[in-house]
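Peer 1: Using our numbering, the letters of the sequence shown correspond one by one to residues 532 to 843.
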Amino acid sequence: MPVVTASAVRSGPQQLKSLLRTPTDAGNRPKPALQATGRRAPLSLLAGGLLVALALCAAVAAPLIAPYAPEQVRAGPRLAPPSAAHLFGTDALGRDGFSRVLFGATIAAQAAIAGMGIAALLGIPAGLLAGYRGGWLDRALSRGVDVWLAFPGLLLALVVVARLGPSLSNAIIAVGLLGAPGFFRLTRSLALSTRRMAYVEAAEAVGCSEGRVLLRHILPNLASSLIVFATMRAGTAILAVGGLSFVGLGAQLPSPEWGALLAAGRSHMDTAPWLAIYPGLSLTLTVVGLNLLGDGLRDLWDGGRCPKKRYA
């Protein structure tokens with residue numbers, strides 16, 4: 532590990548710049564997120580990646596492969612069971628269940644990306660500043676986050692949606708606001724442990740601005756941990772948006788959002804259980820896939836070797 536010494540400072544900026552280019556050992560400088568590890572992918576990464584890939588394919592290809600429009604009311608059989616014509620059956624208005632579940636995947640992807648985007652945009656910059664600067668700014672932001680987390684998340688989501696009005700976009704905003712403290716805490720803790728690394732001190736010694744130090748030398752080395760966290764929290768975001776839609780505070784019918792489909796199918800569980808089974812199964816598999824994918828990425832980037840029997 533290179534050390535910034537007094538002699539290095541006296542020798543001028545050229546030696547310090549060469550120090551910045553000197554690679555540090557893996558135990559002191561985090562690996563960039565996309566750096567190859569040379570290890571076999573964990574089984575959880577493969578399984579989670581497959582489930583997430585299927586969900587993404589359904590979300591992207593829904594307009595191309597859906598046999599019917601998701602909100603198209605048909606004069607055909609109503610509450611029909613799954614068949615060749617309607618793979619997931621039909622609802623009380625004759626709408627095709629398969630088409631509605633496919634378009635629900637598109638809404639789930641939007642909820643995950645937008646919700647985590649809002650949370651990251653709010654939490655990561657604040658966490659970087661708090662962890663790097665410390666002092667009164669760190670104390671003020673940390674205490675504010677502690678107060679925010681003192682309230683139950685579901686209660687805060689209900690308050691936000693009740694204030695803004697029930698809709699899918701407002702539910703996503705509420706989920707993003709609830710996810711921001713998690714990004715703040717993780718980023719702050721990582722920045723605290725990184726700001727005293729030799730390469731950061733060398734960057735400061737050669738006169739790099741605070742923004743350059745944060746964006747060029749600290750943030751890239753936090754990327755792997757943040758990606759893992761965002762992947763796992765994306766499943767929570769989909770589940771939260773679905774829960775708000777289920778109680779009538781998120782997406783409103785005839786939207787094919789999975790939580791709204793579950794709410795609509797609840798009253799037909801005795802006569803048409805497929806109305807709730809397929810949206811519920813899609814929601815479950817997507818959330819499980821994101822959690823497995825996050826676990827697998829964490830195992831891969833953390834460098835832990837899994838037992839060989841897991842790959843048998």
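A virtual CB, placed ideally from N, CA and C, is assigned to each residue, including glycine. Bear in mind that the values here come from a model prediction, so they are computed numbers and not experimental data.
#1: To the nearest angstrom, report how far apart W805 and M728 are at their CA atoms.
#2: Counting C-beta neighbours from all protein chains within 10 Å, is the total for T767 16 or more, i.e. buried, or is it exposed?
#3: Closer than 7 Å to a non-hydrogen atom of the ligand ADP - does that hold for the CB of A702?
#4: Which word fits A584, buried or exposed, when buried means at least 16 other C-beta atoms lie within 10 angstroms of its C-beta?
#5: Name, in chain order, the residues that DSSP records as bridge partners for T621.
#6: Along the chain, where does the alpha helix (DSSP H) containing V676 start, and where does it finish?
#7: Using only alpha-carbon positions, find the residue among H799, V737, L793 that is nearest to T815.
#8: For A705 and G648, what's the separation of their Cα atoms in angstroms?
#9: Per DSSP, what kind of secondary structure is Y599 in: helix, strand or coil?
#10: Specify, as a first and last residue, the run of the alpha helix (DSSP H) that M763 falls within.
#11: Helix or strand or just coil, what does DSSP make of M647?
#12: Alpha carbons only, please: which of L652, Q783, G635, L750 is nearest the one belonging to N701?
#13: Skipping 5 residues on each side, what residues in its chain have a beta carbon closer than 7 Å to that of Y809?
#14: Taking its Cβ as the centre, do 16 or more other Cβ atoms sit within 10 Å of F760, making it buried, or is it exposed?
#15: Would you say A771 and G707 are within 8 Å of each other, going by their C-beta atoms?
#16: Relative to the C-alpha of I597, which candidate in V692, T637, S673, L775 has its C-alpha closest?
#17: Which residues in the same chain as L723 place their Cβ atom closer than 6 Å to its Cβ, once the five residues preceding and following it in sequence are excluded?
#18: Excluding the five sequence neighbours on either side, which residues of its own chain have a C-beta within less than 6 Å of the C-beta of L672, listed in chain order?
#19: Compute the beta-carbon to beta-carbon distance between S813 and G635, rounded to the nearest angstrom, for a pair I have assumed lies under 8 Å.
#20: Is it buried or exposed, D622, if we count other Cβ atoms within 10 angstroms and call 16 or more buried?
#21: When we look at the beta-carbon of G675 and count the other beta-carbons within 10 Å, is it buried (16 or more) or exposed?
#22: Quick one, which of A681, S698, A590 has its alpha-carbon nearest Q641's?
#23: Assign M800 to buried or exposed, taking buried as 16 or more other Cβ atoms, counted over all protein chains shown, within 10 Å of its Cβ.
#24: Report yes if the C-beta distance between E788 and G773 is below 8 Å; otherwise report no.
#25: Roughly how many whole angstroms lie between the Cα atoms of A578 and G820?
#26: Let's test the definition: count the other Cβ atoms within 10 Å of the Cβ of V892 and tell me whether it reaches 16, buried, or not, exposed.
#27: Keeping to the same chain, check which residues put their C-beta closer than 6 Å to that of G558; ignore five residues upstream and five downstream.
#28: So what's C588 in DSSP terms, helix, strand or just coil?
#29: Once the 5 residues before and after L824 are set aside, which same chain residues still bring their CB inside 6 Å of it?
#30: Exposed or buried, F682, counting other C-beta atoms within 10 Å across all chains shown (16 or more means buried)?
#31: Roughly how many whole angstroms lie between the Cα atoms of R605 and A711?
Peer 2: Short version:
#1: Sequence index remark: in the sequence shown, residue 805 carries index 274 (1-based). Sequence index remark: in the sequence shown, residue 728 carries index 197 (1-based). Looking at the two C-alpha atoms, the distance is approximately 56 Å.
#2: Taking the first residue of the sequence shown as 1, we reach residue 767 at position 236. T767 should be labelled buried.
#3: Of ligands this structure carries none, so the ligand ADP is not represented either.
#4: In the sequence shown, the residue the question calls residue 584 occupies position 53. By the neighbour-count rule (16 or more Cβ atoms within 10 Å), A584 is not buried but exposed.
#5: The residue labelled residue 621 in the question sits at position 90 within the sequence shown. Paired residue(s): D627.
#6: Taking the sequence shown and counting its residues from 1, the one referred to as residue 676 is at position 145. First-last of the alpha helix (DSSP H) with V676: 666-680.
#7: Translated into positions along the sequence shown, residue 815 becomes position 284. Checked all of H799, V737, L793; the closest Cα to T815 is L793.
#8: The residue you call residue 705 lines up with position 174 of the sequence shown. The residue you call residue 648 lines up with position 117 of the sequence shown. Their backbone Cα atoms lie some 12 Å apart in a straight line.
#9: For the purposes of this step, residue 599 is taken as residue 68 along the sequence shown, with counting starting at 1. If DSSP states are grouped into helix, strand and coil, Y599 belongs with coil.
#10: In the sequence shown, counting from the first residue as 1, residue 763 sits at position 232. It spans 754-777 - the alpha helix (DSSP H) in which M763 sits, taken as one unbroken run.
#11: In the sequence shown, the residue the question calls residue 647 occupies position 116. Here M647 sits in helix by DSSP.
#12: In the sequence shown, residue 701 corresponds to position 170, counting from 1. Of the listed residues, the one whose Cα sits closest to N701 is Q783.
#13: Along the sequence shown, read from residue 1 onward, the residue named residue 809 stands at position 278. Answer for Y809: F619, G628, V632, listed in chain order.
#14: To locate residue 760, count along the sequence shown from 1; it is residue 229. It counts as buried.
#15: Your numbering for residue 771 matches position 240 in the sequence shown. Your numbering for residue 707 matches position 176 in the sequence shown. Result no, Cβ atoms of A771 and G707 do not sit closer than 8 Å.
#16: In the sequence shown, counting from the first residue as 1, residue 597 sits at position 66. The residue you asked about is not Ile; residue 597 is Ala in the sequence shown. Residue T637 is the option with its Cα nearest to A597.
#17: Against the sequence shown, residue 723 aligns to sequence position 192. Correct list, in chain order: G662.
#18: Translated into positions along the sequence shown, residue 672 becomes position 141. Cβ within range, chain order: A657, A661.
#19: Taking the first residue of the sequence shown as 1, we reach residue 813 at position 282. Taking the first residue of the sequence shown as 1, we reach residue 635 at position 104. Indeed they touch by this definition, with Cβ atoms about 7 Å apart.
#20: What you label residue 622 is simply residue 91 of the sequence shown in a count that begins at 1. So D622 ends up on the buried side.
#21: Along the sequence shown, read from residue 1 onward, the residue named residue 675 stands at position 144. Under this definition G675 is an exposed residue.
#22: Working through the sequence shown from its first residue, we reach residue 641 at position 110. The shortest Cα separation from Q641 among A681, S698, A590 belongs to A590.
#23: Taking the sequence shown and counting its residues from 1, the one referred to as residue 800 is at position 269. Per the 10 Å Cβ criterion, exposed.
#24: Taking the first residue of the sequence shown as 1, we reach residue 788 at position 257. Taking the first residue of the sequence shown as 1, we reach residue 773 at position 242. Yes; because the gap between Cβ atoms is below 8 Å, this pair is in contact.
#25: Walking along the sequence shown from the start, residue 578 turns up at place 47. Walking along the sequence shown from the start, residue 820 turns up at place 289. Each residue's alpha carbon lies about 7 Å from the other.
#26: Nothing about residue 892 can be reported from this structure: the residues present for the chain run from 532 to 843 only.
#27: Here residue 558 is taken as the residue at index 27 of the sequence shown, counted from 1. Because the pLDDT of G558 is 45, which lies under 50, any placement of that residue in the model is unreliable, and the number read from its coordinates should be weighed accordingly. So the list is empty, once near-sequence residues are dropped.
#28: As a working mapping, residue 588 is identified with position 57 in the sequence shown. Helix, per DSSP.
#29: Within the sequence shown, numbered from 1, the residue matching residue 824 stands at position 293. Contacts found: G579, G580, V583, T762.
#30: On the sequence shown, position 151 is the one that residue 682 refers to. Classification of F682: exposed, given that the 10 Å Cβ count is below 16.
#31: Against the sequence shown, residue 605 aligns to sequence position 74. Against the sequence shown, residue 711 aligns to sequence position 180. Whole-angstrom Cα-Cα distance: 43 Å.
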